[in-house]
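Asker: So that we are looking at the same thing, I have put the structure below in structure tokens.
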Amino acid sequence: MSLLWLILLLLFGGMVAGFSERFHANAPRWVALGVIAIAGAYLATIPIGTEVNAQWIPRFGISLILSMDGLSLAMVALTLFLGLVAIVSSWTEIEDQHGFFQFNLLWTLAGVVGVFTALDLFLFFVFWEVMLVPMYFLIAVWGHEDRAYAAMKFFLFTQISGLLLLFAILALVYFNYAATGVITFSYADLLNADIEADVAFWLMLGFFVAFVVKLPSVPFHTWLADAHTQAPTAGSVILAGILLKTGAYGLIRFVVPLFPDAAMQFRWPAMLLGAVSVVYGGYLAYSQSDFKRLVAYSSVSHMGFVLLGVFAWNALAVQGAVVQMVAHGFSTAALFMVAGALQQRLHTREMGEMGGLWVRAPRMGAVAMFFVIASVGMPGLGNFIGEFLVLLGAFQVDVPLTVAAAVGMVVAVVYGLSLMQRSFQGEPNPGIESIADFGAREMSVMVLMMIALVWLGVYPQTLLSISEPVVSGLGVAP
Amino acid sequence: MEWLWLVPTMPLVGFLVLFTTQGRLPNNLVAMIGAGSVGFSALVALAATFEFVQGGGKPFEQTLWTWIDVGGFTPSVRLYLDGLSLVMVGVITGVGFLIHLYATGYMAEEQGYSRFFAYMNLFVFAMLMLVLGDNLLVLFLGWEGVGLCSYLLIGFFHTDSTNGYAARKAFVVTRVGDTFMALGLFLLYRELGTLEIQASLAGAQEAWPEGSTVCTVIALLLLGGAVGKSAQVPLQTWLPDAMAGPTPVSALIHAATMVTAGVYLIARMHDLYLLSPEAQLAVAVVGLLTLFIASFAALTQTDIKRILAYSTMSQIGFMFMALGVGAWSAAIFHLMTHAFFKALLFLSAGSVILALNHEQDIFKMGGLWRRLPIPFWSMVIGSAALAALPLTSGFYSKDIILLTSFDYGTGGAWFWGLAVVAAFLTSLYSARMIFVTFFGEMQTEPHDNSGPSMWLPLVLLAILALGGGWFGLAPLVDVMPDGGLEGDTHTGALVWLTALIPIFGLVVGYLIYGSKQISVDALIDSKPGEGLRRFWASGWGFDWIYDRVIVKPFMTLARINKSDVVDRIYVVTAALARGAHHVAVLTQTGRLRWYAANMALGIVLVLLVVLEVL
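Chain order of the listed sequences is A and B. Number 400 in the numbering used here belongs to position 400 of the first sequence; there are no gaps in the numbering. Number 805 in the numbering used here belongs to position 327 of the second sequence; there are no gaps in the numbering.
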């Protein structure tokens, strides 16, 4: 039952954190920190292969199946780590309703952990919803000036795609029932479902759209810029660092394995969307003048590589996509932390009002430079391994689309360096006399993320060998 | 040899120490770490050289760890030392150390001393990985790493946004080349199933016949990477702007080492080019074009560093041409001698610039030769070698290239002829630079307070620039397809003409800029002359074209589409929904009569439909 305990710990911890505000305004963040620390320590004791399988609603074939394989472990570990980063990054940013804030944060994390481990489609859907609602509150209550609009947009996109997911799940279960006479939501059973090709195609499309809205891929990406920009720093960290990965995870875990033939039939359009996302996302990133919005759009570009890699569906590309998911989690979380720190100090995100900040805050400048360099795909850091493997794998499948996506390598440099130039380099803005540099609290998580990215870049085998059995088990072409 | 891994590791450690201490160390300690780490590498490399020679020139491999292991793709981080990488390592650590030593003095007054040496050490590490890696992925790590350091160092004085612009331009333009190169790697892997350099070269010879299309495509894609990094046509435009970086950076990165990485790449992958005569011809043509374009551009620059930048471009053009016409060893030989004399030229220019309080315009210098003797003589020696005057190092390397190009198929005479014109221009602009800078009337009072850390590297490099060509390049014999530098077999007028052209250029240069017996003023002041001067000075208008064809449209589109046209779909959908809502609201009046009338109307309509009247 260890996986269930992990999720319950986060849910229960969230409630404790919420109530603890009655004792002291600072109590919730300490409680949340403690809960994450305990959850992290507990995760370390859970071996790969752990599974929980219990009856839940037997009448409808719904069970409580939670399972931890290598891919889930990598994603859950990333989730808890970025949860920690989120709490640290919002340490001084949140000014009111501390309890409710930490409650929402921990409940989102609980939902995400559930999404990454549930192997019953109904349960999966429940967790899918659990992670969204608290995230809506995080944006709507503690967001910036346009938070109501952004939160509503986020909610509508995810709810409509969630509805599509629910329909697709129910239809899949129904068609499987029609074929076998058994109602089951169990992933393992549905994997072998015998469904007609055209039906399978439409079901695949339902899952696909639901997940690429989350990813997000062009043309469903427009919620992202508003949501990421308006969310408080912790919200952006979790959104970009983890929530986007649930879409990618869904593609790897569900879309292709459940409908292998249909997915391969849809390979070219899917890879095309990936390549378009890489280039168009990067181009939109360059167009922005808002620091945070630029970082937000860069996620569209980076997750485009994941889409491209998943549908190339060979070991190189899918493993590359996994590395990209983790590496992007770190690099983008760090950049959102920088964005949040700047907003807190300057009360603006407009790069036109920044400039030359390196002189005022050299540590912050060096940190920003490091993560920009990482996100443009510099070899030696994790993102490069992800992008290179994806492109190398995709090249075996479709040359023109790979060439198109490779243009993203250039675009990334264009927007990444322009971000640095407009904010940290250039003539110091005379309007800004001094800003506080990163302190020990921020630097400690930044250094951890730097080490993680260097490790991923120099010895990615640590992650690759964890995810290898999963990837080959899902039927990825060698 | 077992210590080979220390060669790249020392500068990496230097970088890590300087990076993590974030400028908290005192300057002299920073200098010791920064220059010392590279010096230590140079010593280890020297020891490796002795062992290499004693071992009869057998290649040495050292596998450090398996970098990635996915689906049969298993690149290792493996170092490979053969004659070619030995020469490169020698140049990088040797010349690199002298430049670091010089920089300890040159940068003494500047802010960010520690940051500077951190970047420099990182650069040396990346450059060493580039030449030592036995896998194209490791090479690519170095390749991108040097590009990053180049960016960081060009924009080192980051509070001036023109430096930032130059730095970004360098990174973006070279990244275009890098993308071609990455595609070349993907294709190579798809065809041969490996990125190991030795294995893929052997595999290529087995798998492909001469003239194979796929081999040509790979070779051309790699050439795309090479032209970006080595500032060759059409990706050469970043190099002149890169002079915004501190002068030691220009000497190390933009003269001696990084910009020659493309030459190294092609020499390293020479089997692919031997299999594809078309691709090899493309290398030669790129080299010749660049050589020609850059020589004219150098003639019209007024900024001493930009003269040297265009000169570097043209000398690398010589190397590319050499590779293309099959003078493989001569290309690497010229790479080495060029590293000596061009580093010397940049560093002596740096000393002049520093003494004149950062004045870089040669027409605001003049008459400095008595006041700055060491930079003066250094520059004379460097220029002599650049112009390939007999007995200097540059003569030995350039002479072979010119003579070999003459033998190249039917077009040989063309290659030779155009390259000789460029050689003439080289000595002409060298003479111009020397005479205008050091003779004539003094325009600015110099203040030379450089210490031994600055003049010692100049003296040592001057010795190398003079004598560095006498030894030839024995280690290349086993590596390059032409079997190393052979004794030349040409005779007669061709040899004399090739050797005397530079002297002729020098004489003309003296007559124009030294004794001023020939006046070119009338030529320059004439309308076509002025137009041509401006055209050459702008680097043949490449920037102008790229700006209009690529940069401007991209930026305009970015400005127009800032709010993302795709979002319009959703905005319109939302607006329609809201509109429908307003229409629906209109029906909700709260008046009973209105509701009753509507209900009645509805019933009638339904009845009519049911009774099939409608």
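Quick reminder that beta carbons are idealized off the backbone N, C-alpha and C, glycines included.
Please list, in chain order, the chain A residues whose beta carbon lies closer than 8 Å to that of R668 (chain B).
Answerer: Going along chain A in sequence order, the residues near R668 (chain B) (Cβ under 8 Å) are F395 and Q396.
Asker: Determine contact between the region 737-746 of chain B and the region 694-707 of chain B, defined as no fewer than three beta-carbon pairs at a distance below 8 Å.
Answerer: A contact exists between the region 737-746 of chain B and the region 694-707 of chain B.
Asker: Restricting to Cα atoms, I'd like to know which of B:V531, B:A897 and B:E622 is closest to F796 (chain B).
Answerer: If we check each option's Cα against that of F796 (chain B), B:A897 comes out closest.
Asker: Going by beta carbon distance, what residues of the same chain come within less than 6 Å of F916 (chain B), once the five residues before and after it are set aside?
Answerer: Around F916 (chain B): L846, W847 and F854.
Asker: Out of B:D839, B:G583, B:Q714 and B:G860, which one is the CA nearest neighbour of D926 (chain B)?
Answerer: Closest option to D926 (chain B), Cα to Cα, is B:G583.
Asker: Suppose you measure from the CA of N53 (chain A) to the CA of L3 (chain A); what does that come to, to the nearest Å?
Answerer: Cα to Cα, the separation comes out at about 10 Å.
Asker: Would you say Q500 (chain B) lies against chain A (beta-carbon separation less than 8 Å)?
Answerer: So, interface residue.
Asker: So for R1069 (chain B), helix, strand or coil by DSSP?
Answerer: If DSSP states are grouped into helix, strand and coil, R1069 (chain B) belongs with coil.
Asker: Measure the beta-carbon distance from P1141 (chain B) to L557 (chain B) and round it to whole angstroms, keeping in mind my assumption that it falls under 8 Å.
Answerer: Any question about residue 1141 (chain B) goes unanswered here, given that chain B covers just 479 to 1092.
Asker: Cβ of I785 (chain B) less than 8 Å from any chain A Cβ?
Answerer: With 8 Å as the cut-off, I785 (chain B) does not count as an interface residue toward chain A.
Asker: Return the CA-CA distance between L308 (chain A) and A248 (chain A), expressed in angstroms with no decimal places.
Answerer: L308 (chain A) and A248 (chain A): Cα-Cα distance of roughly 11 Å.
Asker: Below 7 Å CB to CB, which residues in the same chain sit around I183 (chain A) once its five sequence neighbours on both sides are set aside?
Answerer: Hits under 7 Å: F60, G61, V173 and Y177.
Asker: For I912 (chain B), collect the residues of the same chain with a Cβ closer than 7 Å to its Cβ; drop the 5 residues on either side in sequence, then sort them by chain order.
Answerer: The residues are M857, V858 and S861.
Asker: Would the beta-carbon of G162 (chain A) fall within 8 Å of that of E129 (chain A)?
Answerer: In this structure, E129 (chain A) lies closer than 8 Å to G162 (chain A) by Cβ.
Asker: Whole angstroms are fine: how far does the CA of D749 (chain B) sit from the CA of A680 (chain B)?
Answerer: If you take the alpha carbons of A680 (chain B) and D749 (chain B), they lie about 8 Å apart.
Asker: Among residues of its own chain, excluding the 5 on either side of L224 (chain A), which ones have a beta-carbon nearer than 7 Å to its beta-carbon?
Answerer: Excluding positions up to five away in sequence, the list reads P216, A296, S299 and V300.
Asker: Select from the region 210-221 of chain A all residues with a C-beta closer than 8 Å to any C-beta belonging to chain B, and list them in chain order.
Answerer: Against chain B - using a Cβ distance shorter than 8 Å - the residues of the region 210-221 of chain A are V218, P219 and H221.
Asker: If you count every other CB in all the chains shown that lies within 10 Å of the CB of D719 (chain B), and 16 or more means buried, which is it?
Answerer: With 16 or more other Cβ atoms within 10 Å, it is buried.
Asker: On the criterion of 16 or more Cβ atoms from any shown chain inside 10 Å, does H98 (chain A) qualify as buried, or is it exposed?
Answerer: So H98 (chain A) ends up on the buried side.
Asker: To the nearest angstrom, how far is the alpha carbon of P868 (chain B) from that of A800 (chain B)?
Answerer: Distance between the alpha carbons of P868 (chain B) and A800 (chain B) is about 19 Å.
Asker: Thinking M736 (chain B) and S628 (chain B) are a contact (beta carbons under 8 Å), I'd like their distance in whole angstroms, please.
Answerer: Indeed, because the Cβ distance is near 6 Å, the residues count as touching under 8 Å.
Asker: Please decide whether P269 (chain A) counts as near chain B, where near means a Cβ-Cβ distance under 8 Å.
Answerer: By this cut-off, P269 (chain A) is not an interface position.
Asker: Check I62 (chain A) in the structure and name its three-state DSSP category.
Answerer: In the structure shown, I62 (chain A) sits in a strand (DSSP, three-state: E or B).
Asker: Compare the Cα-Cα distances from P851 (chain B) to each of B:S908, B:A526, B:K783 and B:L936 and report the closest residue.
Answerer: Out of B:S908, B:A526, B:K783 and B:L936, B:L936 has the C-alpha closest to the C-alpha of P851 (chain B).
Asker: Using only the alpha-carbon positions, how far apart do L1070 (chain B) and L1079 (chain B) sit?
Answerer: So the alpha carbons of these two residues sit roughly 14 Å apart.
Asker: Using only the alpha-carbon positions, how far apart do P362 (chain A) and A74 (chain A) sit?
Answerer: If you take the alpha carbons of P362 (chain A) and A74 (chain A), they lie about 33 Å apart.
Asker: When the cut-off is 8 Å and only beta carbons count, does T672 (chain B) lie next to chain A?
Answerer: Output row for T672 (chain B): interface = no.
Asker: Using DSSP bridges, identify the partner residues of D290 (chain A).
Answerer: Paired residue(s): A:E350.
Asker: Roughly how many whole angstroms lie between the Cα atoms of L610 (chain B) and L673 (chain B)?
Answerer: So the two alpha carbons sit approximately 14 Å from each other.
Asker: Taking CB distances under 8 Å as the criterion, tell me whether R363 (chain A) reaches chain B.
Answerer: Yes, R363 (chain A) lies at the interface with chain B (some Cβ there is under 8 Å from its Cβ).
Asker: Hey, would you say L381 (chain A) sits closer than 8 Å to L316 (chain A), going by beta carbons?
Answerer: Not closer than 8 Å, so no.
Asker: Looking only at DSSP bridge pairs, what is S277 (chain A) linked to?
Answerer: Note: S277 (chain A) sits in no beta bridge, so no partner.
Asker: For a contact meaning CB atoms closer than 9 Å, what does T348 (chain A) contact in chain B?
Answerer: Correct list: empty, because the minimum Cβ distance to chain B is about 17 Å.
Asker: So, with DSSP's three-state summary, where would you put L713 (chain B)?
Answerer: Coil at L713 (chain B), not helix or strand.
Asker: Pick from A:G439, A:F81 and A:P232: whose alpha carbon is nearest that of D146 (chain A)?
Answerer: Closest option to D146 (chain A), Cα to Cα, is A:P232.
Asker: Contact defined as beta carbons within less than 8 Å: I believe A227 (chain A) pairs with F154 (chain A). What is the distance between those atoms, to the nearest angstrom?
Answerer: Indeed, because the Cβ distance is near 4 Å, the residues count as touching under 8 Å.
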